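The block underneath contains the structure these notes are about, expressed in structure tokens.
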Amino acid sequence: MTSSHEGPDNKIPVAVLGATGSVGQRFAALLADHPWFEVKVLAASERSAGRPYREAVRWVQQTPLPASLAEMPIAPCQPGAARGCRLAFSSLDDNVAGALEAEFAAAGFLVVSNAKNHRMHPQVPLLVPEINAGHLDLATRQDFGPGKILANPNCSTIGLVLALKPLVDAFGVEQAQVFTMQALSGAGVPGVPGMQVPDNIIPLISGEEQKIESESRKILGSLAADGIRDHDLTVSAQCNRVAVSDGHTGCVSVKLASKATPEEVIEAWRSFEGEPQRLGLPSAPVPPIHYLDEPDAPQPRIHRDLGGGMAISVGRLRECPLLDYKFVTLSHNTVRGAAGGAILVAELAVERGWVERPPGAGS
């Protein structure tokens, strides 16, 4: 197991691409005191380049802007500007992420992307490390150049598949239906126009339903000689934007392949762990899934920060008159569903030897 790095000289230098956006800010906050990684480059658009981070960013996080990053000048999003870094975390806008991430990979970077552009690429692993750590090997088949691209899934997909995985393993899942109530922070900065928020639910998040339906099958699928073979479960998603700051809630119904009692379903969740927990990775929540017995749980304001925002919550298990069971899930969309999830992917890659460690970093 990889040991914690003891000082800055032993940390892996990293770049954050798209550092001024909402997810880029979350990367900055989570990486500022990370035991393995040290932010050396904060990159953003040309209009921000050269300005101190504190001036270029409109900080929207609840925690203060890290003092260690406040005066760091913004670099342009170019591989040459991140020379010396081994790893790049991308929170780039979808409009530019595809080409820029490929450019960084061609220059030799390991890119861990939070953008949608490469998620369904047949050679790019779509990783939730507790579920499909073995899919990391798919990246050996990439042809982007000397570097690689690893993809973090859609924020709502992560909460859903983490809840489904223990059931898939224990009983099999044939169908899943999910209705999401997604936080405002998922819309990024500046986000949803203010007049659309109060007294309102917006029953459209463009492209979100398709992402959940397709990404879930890839993540739960199996690695084969010809790539990822999607899981054969059917997923139906309906997505809504609601007036919650952080935390995506999903109301889920499932049809199981074999019979299970409620007690067996709950035990499958409570006993679940994955490769990050077995390896003791720094960002791995223990446990990764909290089953909550309270009749009105989970709730975003109360439960979104369990496990430092990296664990998901599940509650309200009951029989479903249409399928077999229904329940409620909750995940922190900008931590587990975005920056934190991508950092966990990078930790797994480091543990598997995909990133060279500095001298004295341990093993």
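Sequence positions in the sequence shown follow the numbering used here and run 10 to 372. We treat Cβ as the ideally placed atom computed from N, Cα and C, and that holds for glycine. Note that the coordinates shown come from a computational prediction; the quantities given were computed from them, not determined experimentally.
- Around E303, the same chain offers no residue with a beta carbon nearer than 6 Å, after the five sequence neighbours per side are excluded.
- Listed as beta-bridge partners of L339 by DSSP are T258, S322.
- Secondary structure at A24: strand, using DSSP grouped into helix, strand and coil.
- When C-alpha distances from A172 are compared across V337, N342, K227, V48, the shortest belongs to V337.
- In the assembly as shown, R279 is an exposed residue. Its beta-carbon has fewer than 16 other beta-carbons within 10 Å.
- When beta bridges are read from the DSSP output, R250 appears opposite Q191, I211.
- If you check the CB distance, R313 and L339 come in under 8 Å.
- I167 is the residue among I167, G230, L331 whose C-alpha sits nearest the C-alpha of R345.
- Between K125 and D103, the CB-CB gap stays under 8 Å.
- Straight-line measurement puts the Cα of L265 at about 41 Å from the Cα of V69.
- According to the DSSP secondary-structure assignment, H299 is paired through a beta bridge with S322.
- According to DSSP, P85 shares a beta bridge with A53.
- Under the three-pair Cβ rule at 8 Å, the segment 232-246 does not count as touching the segment 190-210.
- The beta-carbon distance between H341 and G256, rounded to whole angstroms, is 6 Å. This is short enough to meet the 8 Å contact definition.
- Residue burial is scored here from C-beta neighbours: P330 has fewer than 16 other C-beta atoms within 10 angstroms and is therefore classed as exposed.
- DSSP places A76 in the uninterrupted alpha helix (DSSP H) bounded by 76-79.
- If you draw a straight line from the Cα of Q205 to the Cα of C164, it is about 22 Å long.
- A residue is called buried when at least 16 other Cβ atoms come within 10 angstroms of its Cβ; V323 meets this threshold and is buried.
- Here V295 is exposed, its C-beta having fewer than 16 other C-beta atoms within 10 Å.
- Cα atoms of C248 and G195: separation of roughly 12 Å, rounded to the nearest angstrom.
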